Amino acid sequence: MNLERLVQVDRRIVYLLIALGTLIPILKPIGFAVSTTPPVENFFAKVESLGGDDAVLVSFDYGPTTAPECDPMAEAVLRHCFTRGIKVVVVALFPLGGVTMAGEALEKIVPQYPDLVEGEDYVFLGYKDGAQATMKQMGVAFSGVFPSDQEGTPLDELPLMTQVLNYANIALVVSIATNVIGEWWANLVNAQFGTPVAVGCTAVSAPKYYAFLDSGQMLGLLGGLKGASEYEQLLIDRYPALEPIYSKAGEYNAMKGMDAQTVDHAIIMLFILYGNGVYFLIRRREKREARLEQ
Amino acid sequence: MPETWYDPSRCGAPLVVLLVFCFFVLLFINLARRGRKLFIRRIAGIAAMEEAVGRATELGRKVLYLPGGGTLDDIQTIASLAVLRHVAGLTARYTVDLDVPNKDPLTFAATRDTVHEAYLQAGRPELFHPEMVHYVTYDQFAFSASVTGLMVRDKPAAIFLIGAFHAESLLMAETGQSVGAIQIAGTAEVTQLPFFAVVCDFTLMGEELFAAGAYLSGEPAMVGSIKGQDFTKAGLILYIIVGILLEIFGIHWFRDFMTIQ
Amino acid sequence: MSELLGVWLGAFLTLCIFSFLYKDNPFFRFAESLFAGVSLGYYIGIVSTNTLVPNMIRPLTADFSGNAHLLIPLLLGLNLYTRYIPRIAWMARLSLAVYIAYYVGIFMVQKLQGEVVPQVGKTILHPIGGNFTPVDNLIMMVGVLSVLIYFYFSIEHKRAVGVVSRVGIWFLMLGFGAAFGYTVMGRISLLIGRMNYLFIDVVQITSQYL
Amino acid sequence: MFWKLRLPLMLTFIVGLVPIVTFFLTERVWGVAFVRDRVEQYMVIITGFALLLGVVNVVQGNIRKIERRKPGWPFAVSLLLGLFVMGAFGILSAARVGPFQSILTAPDGSDTPFYWMTRHLFNPLQAAMFSLLAFYVASAAFRAFRVRNVEATILLTAAFIVMLGRTPLGEYVFSWLPNGETFLPWVTEWIMAVPNAAAQRGIIIGAALGAAALSLRVILGIERSYLGIREK
Numbered sequence: 001m002n003l004e005r006l007v008q009v010d011r012r013i014v015y016l017l018i019a020l021g022t023l024i025p026i027l028k029p030i031g032f033a034v035s036t037t038p039p040v041e042n043f044f045a046k047v048e049s050l051g052g053d054d055a056v057l058v059s060f061d062y063g064p065t066t067a068p069e070c071d072p073m074a075e076a077v078l079r080h081c082f083t084r085g086i087k088v089v090v091v092a093l094f095p096l097g098g099v100t101m102a103g104e105a106l107e108k109i110v111p112q113y114p115d116l117v118e119g120e121d122y123v124f125l126g127y128k129d130g131a132q133a134t135m136k137q138m139g140v141a142f143s144g145v146f147p148s149d150q151e152g153t154p155l156d157e158l159p160l161m162t163q164v165l166n167y168a169n170i171a172l173v174v175s176i177a178t179n180v181i182g183e184w185w186a187n188l189v190n191a192q193f194g195t196p197v198a199v200g201c202t203a204v205s206a207p208k209y210y211a212f213l214d215s216g217q218m219l220g221l222l223g224g225l226k227g228a229s230e231y232e233q234l235l236i237d238r239y240p241a242l243e244p245i246y247s248k249a250g251e252y253n254a255m256k257g258m259d260a261q262t263v264d265h266a267i268i269m270l271f272i273l274y275g276n277g278v279y280f281l282i283r284r285r286e287k288r289e290a291r292l293e294q
Numbered sequence: 295m296p297e298t299w300y301d302p303s304r305c306g307a308p309l310v311v312l313l314v315f316c317f318f319v320l321l322f323i324n325l326a327r328r329g330r331k332l333f334i335r336r337i338a339g340i341a342a343m344e345e346a347v348g349r350a351t352e353l354g355r356k357v358l359y360l361p362g363g364g365t366l367d368d369i370q371t372i373a374s375l376a377v378l379r380h381v382a383g384l385t386a387r388y389t390v391d392l393d394v395p396n397k398d399p400l401t402f403a404a405t406r407d408t409v410h411e412a413y414l415q416a417g418r419p420e421l422f423h424p425e426m427v428h429y430v431t432y433d434q435f436a437f438s439a440s441v442t443g444l445m446v447r448d449k450p451a452a453i454f455l456i457g458a459f460h461a462e463s464l465l466m467a468e469t470g471q472s473v474g475a476i477q478i479a480g481t482a483e484v485t486q487l488p489f490f491a492v493v494c495d496f497t498l499m500g501e502e503l504f505a506a507g508a509y510l511s512g513e514p515a516m517v518g519s520i521k522g523q524d525f526t527k528a529g530l531i532l533y534i535i536v537g538i539l540l541e542i543f544g545i546h547w548f549r550d551f552m553t554i555q
Numbered sequence: 556m557s558e559l560l561g562v563w564l565g566a567f568l569t570l571c572i573f574s575f576l577y578k579d580n581p582f583f584r585f586a587e588s589l590f591a592g593v594s595l596g597y598y599i600g601i602v603s604t605n606t607l608v609p610n611m612i613r614p615l616t617a618d619f620s621g622n623a624h625l626l627i628p629l630l631l632g633l634n635l636y637t638r639y640i641p642r643i644a645w646m647a648r649l650s651l652a653v654y655i656a657y658y659v660g661i662f663m664v665q666k667l668q669g670e671v672v673p674q675v676g677k678t679i680l681h682p683i684g685g686n687f688t689p690v691d692n693l694i695m696m697v698g699v700l701s702v703l704i705y706f707y708f709s710i711e712h713k714r715a716v717g718v719v720s721r722v723g724i725w726f727l728m729l730g731f732g733a734a735f736g737y738t739v740m741g742r743i744s745l746l747i748g749r750m751n752y753l754f755i756d757v758v759q760i761t762s763q764y765l
Numbered sequence: 766m767f768w769k770l771r772l773p774l775m776l777t778f779i780v781g782l783v784p785i786v787t788f789f790l791t792e793r794v795w796g797v798a799f800v801r802d803r804v805e806q807y808m809v810i811i812t813g814f815a816l817l818l819g820v821v822n823v824v825q826g827n828i829r830k831i832e833r834r835k836p837g838w839p840f841a842v843s844l845l846l847g848l849f850v851m852g853a854f855g856i857l858s859a860a861r862v863g864p865f866q867s868i869l870t871a872p873d874g875s876d877t878p879f880y881w882m883t884r885h886l887f888n889p890l891q892a893a894m895f896s897l898l899a900f901y902v903a904s905a906a907f908r909a910f911r912v913r914n915v916e917a918t919i920l921l922t923a924a925f926i927v928m929l930g931r932t933p934l935g936e937y938v939f940s941w942l943p944n945g946e947t948f949l950p951w952v953t954e955w956i957m958a959v960p961n962a963a964a965q966r967g968i969i970i971g972a973a974l975g976a977a978a979l980s981l982r983v984i985l986g987i988e989r990s991y992l993g994i995r996e997k
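Residue numbers (our numbering), protein chains in the order written: chain A, 1 to 294; chain S, 295 to 555; chain C, 556 to 765; chain V, 766 to 997.
In structure tokens form, the structure reads like this:
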């Protein structure tokens, strides 16, 4: 048997398997069990401890390039808040498309809660440049940075914003972030104003964020798709009524994404094992031949 | 208005390190210029460059040189220009075709001058033609698309990926591998080194990239500067070791001096 | 309607790019060349809107004498084009020299202050201790020092130095392998994003118009 | 000789020292505020001018390709078409002419032509190209991760552990141990935070010194490849 041929798999076979391994789980979820970890559990518990009198600030600090990881986090947090009747203030600080992401998420989630009234239960203030300066100013007054909401309604005409004036009226800041903006929420807003901060970030930037978690500047962290899928799992366990939304076909969420991740990782690892298995056989044959020649 | 005319947070450790560093580098440049022989060990990736160009000559295919995705204000790009000068000298001597696509327009201006000069110096100005060095686009992924397309169509025998690379590193290196080219990479981007190390035949890592141009030139002053840099490094290694020993005895001076407030 | 057209256009171009995985073909070549052109045009728009107009043209037209200092970059910028006039082509070098020299100077101090000093400081630890195991700090020091010695150019990798630099290589390999494995997840997320676009977004937007 | 060699090198030396010296000073010293506020802005403007150098080269090269009917010349047409349409939209947006009010959305929230092209041509192409990495990372791993020698084995093992530890698979593998679910994720975090960080730190310190040495060579005029200047 020609072992060398066995190890030279056409790379297009690898590509095809990866493509299928990504597509099939998205269209037809497998539903690997998701175990949850403390950073996510703490995040969830904090939101769970809030109610109708509290307001959460959700900041969209990511853009389209990291949407597959970050969208599910934003959606799960919004659903969680709306299910509990928590008031939500939405802003976007990421210059490259943060405002689009926020708009799309609200467009998707709000219709699922027909009782919500814009301006009373939630507001969308839009995008503001200069993340750190903006964060500081919001500590003084939201109206200083956002004179009106995304549609141009002045803040004093929005019932919710007459009660939520600055961070003092915010029970929790949630930042869904792709790079440094999430860090600033921790080391600037949490440090200077004492407002609790929880962050969802991409897998690539997660290691950096653990330092803030350790130092207590963040009370919770969702790291990449894995973190997002954990949050979704906690949400479904606590509110089984949300389950149909998450198992519906034709809708993307982190659990489906995580299925795809798991399948793709498994494909890559199996290929590595296969390659090394054949390589081992080749080596053994070469050694045997070398012995015979002696 | 600040209280002092100097910035106290910067005039501690950073200034001391800068002065020590400049002292060693200038000292060894001087020694080298006075004729002192300075030993620098062989660096595998650098030694392989001539071999790669030689192979392209045998196969009659081109050499592709990518000066990275960084701009000219990135020091890695300047290091890449120094290597390019050498590679262009080789392609001129071996009369093999060279292709240098660019992402940054200022780098493009500099690479064209560098290649032209290398051909003049090699005594083969007639082999230089301006289309060798051309501009593609400023976008990272559009640039990668064009370059990967170039690779599969021209099938270069040797590919140099030297400079600042970001996510596009693997797109290019993997495509280059698939067309069977010898690939020599060099970057100081810590996040991209793993991909080059896994896919390319030789990789100049971090420091080796910056030393490559000086090493290749063989000029005494250049070699002297590497020596000076090495001595600073030795000093830092010593500093770390002493610092750790002091830490064991609960003395934090060394650590605190190098901690920026 | 423009949204529908746009989404299908985007989907078509995505498939053109993906076709490269099978092999090079005219569809990929079309997408690739279009991409090169459009992206360059995109940066023309970005540079003129975000840089040239607000930082130079608008200040100069609004208050010329107050912003006359902006003539310095204007001249340095125009000077780049002397390269097209052979007799004074050398002048273009001056702009490059100024540009490079400024950044090189910045780099020199930034690298020493922002990277060397803090990274050295963080390595000076009590050997016993760490967030994960009690020997984390020790491993950290051995790793940093051996990698530094691996890069040491003045001595051959022989005897003791050879052994230490070998340990340095092991650390490098461990780091590279881990970083590679760690990145896989992020890259697959990108593909998930594209699959969503092709098979979920396109379908949903199309169904809105049907 | 003076104009072509000495002058650029003198300029390099003087300009290069400016950021180094001002780095240690505060705004109390004359000129420091100017350097900090203005020079960076100047450099950005110079890069803005440079883009046209590239554009000119691309246009020339592709027109030549079309004129000489070189193989693949029709693709040069699509390239130029993309460049001229998008570039024109961009310049019109900068000048705020007619429907080209911005490079993003118009005041009423609808797409300007430039933004429409960005969203439906530029962004999908970028994202598609970027996502090819998912395939390449897989094929590179399959081909390169072999137990060839000690170094390659370490590389492979680290990659394998981390890949396993990042998915639910990693939790199943050791689930028979007490607290086994968290074992591999823990190992993953440890590798990233300790040995990987040590390697990175070593590379960073060394590379920073190398970069500083190169900077010094440039400022002293020893390294001059970037200027395309012949040695004496």
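Built from N, CA and C at the ideal position, the CB exists for glycine as well.
Nothing here was measured: the structure is a model prediction, and the numbers come from that model.
Within the DSSP bridge table, the entry for Glu-118 of chain A names A:Tyr-122 as partners. The C-beta of Lys-28 of chain A has fewer than 16 other C-beta atoms within 10 Å across all chains shown, which makes the residue exposed. In summary, the residues of the stretch 49–71 of chain A whose CB is separated from some CB of chain C by less than 7 Å are Ala-67, Pro-68 and Glu-69, in the order they occur in the chain.
The stretch 778–794 of chain V makes contact with the stretch 649–667 of chain C; the number of CB pairs closer than 8 Å reaches 3 or more. In the same chain as Leu-353 of chain S, and ignoring 5 residues on each side of it, the C-beta atoms closer than 8 Å to its own belong to Ala-451, in chain order. Using a Cβ-Cβ cut-off of 8 Å, Leu-321 of chain S does not count as an interface residue toward chain V, since no Cβ of chain V sits closer than that to its own. Taking 8 Å as the CB threshold, Pro-933 of chain V lines the interface with chain A.
In this chain, the beta strand (DSSP E) harbouring Pro-395 of chain S covers 392–396.
A contact is defined here as three or more CB-CB pairs under 8 Å, and the stretch 143–158 of chain A fails this definition with respect to the stretch 180–188 of chain A. Taking the CA atoms as reference points, Leu-790 of chain V sits about 14 Å from Gln-668 of chain C. Residue A:Gln-261 holds the alpha-carbon nearest to the alpha-carbon of Gly-748 of chain C among A:Val-89, A:Gly-98, A:Gln-261 and A:Ser-59. In the three-state DSSP reduction, Gly-362 of chain S falls in the coil class, being neither helix nor strand. When the beta-carbon positions are compared, Leu-50 of chain A and Val-89 of chain A stay at least 8 Å from each other.
Nearest in C-alpha terms to Phe-900 of chain V, of all of A:Ser-175, A:Gly-257 and A:Ala-19, is A:Ala-19. It is roughly 11 Å from the alpha-carbon of Met-101 of chain A to the alpha-carbon of Pro-68 of chain A.
Annotation: Cβ neighbours of Leu-27 of chain A in chain C (cutoff 7 Å, chain order): Phe-754. Spanning the alpha carbons of Tyr-167 of chain A and Asp-53 of chain A requires a straight line of approximately 15 Å. Residue contact check for Arg-613 of chain C against chain S: no CB pair falls below 8 Å.
Collapsing the DSSP output to three states places Gly-457 of chain S in coil. A residue is called buried once 16 or more other Cβ atoms fall within 10 Å of its Cβ, and Lys-248 of chain A, having fewer, is exposed. Taking every protein chain shown into account, the CB of Glu-425 of chain S has fewer than 16 other CB atoms within 10 angstroms, so this residue is exposed.
Residue-level contact by beta carbon fails for Val-821 of chain V and chain A, as no gap is shorter than 8 Å. Taking all protein chains in view, the Cβ of Gln-192 of chain A is surrounded by fewer than 16 other Cβ atoms within 10 Å, so the residue is classified as exposed.
Short of 8 Å from the beta carbon of Arg-349 of chain S, and not among the five residues preceding or following it, lie these beta carbons of its own chain, in chain order: Ala-451, Ala-452 and Ile-476. For Val-690 of chain C, none of the residues of chain S pass the 8 Å Cβ criterion, the least Cβ distance being about 14 Å. The Cβ neighbour count for Phe-82 of chain A, taken over all protein chains shown within 10 Å, is at least 16; the residue is labelled buried.
Per DSSP, reduced to three states, the secondary structure at His-428 of chain S is strand. The distance from the Cβ of Leu-366 of chain S to that of Thr-401 of chain S is about 5 Å, consistent with a contact at the 8 Å cut-off. Close to Leu-635 of chain C, with beta-carbon spacing below 7 Å, are these residues of chain S in chain order: Ala-403. The beta carbon of Arg-327 of chain S is closer than 8 Å to those of Pro-514, Ala-515 and Gly-518 in its chain, skipping five residues each way along the sequence. Around the beta carbon of Gly-632 of chain C, 16 or more other beta carbons lie within 10 angstroms, which makes this residue buried. At a cut-off of 8 Å, the C-beta of Val-912 of chain V has a neighbouring C-beta in chain A. In the DSSP secondary-structure assignment, Leu-498 of chain S is bridged to S:Gly-480. Looking at the backbone, the Cα of Val-123 of chain A and that of Leu-158 of chain A are separated by about 8 Å.
When DSSP reads this structure, Val-91 of chain A sits in a beta bridge with A:Ser-59 and A:Gly-126.
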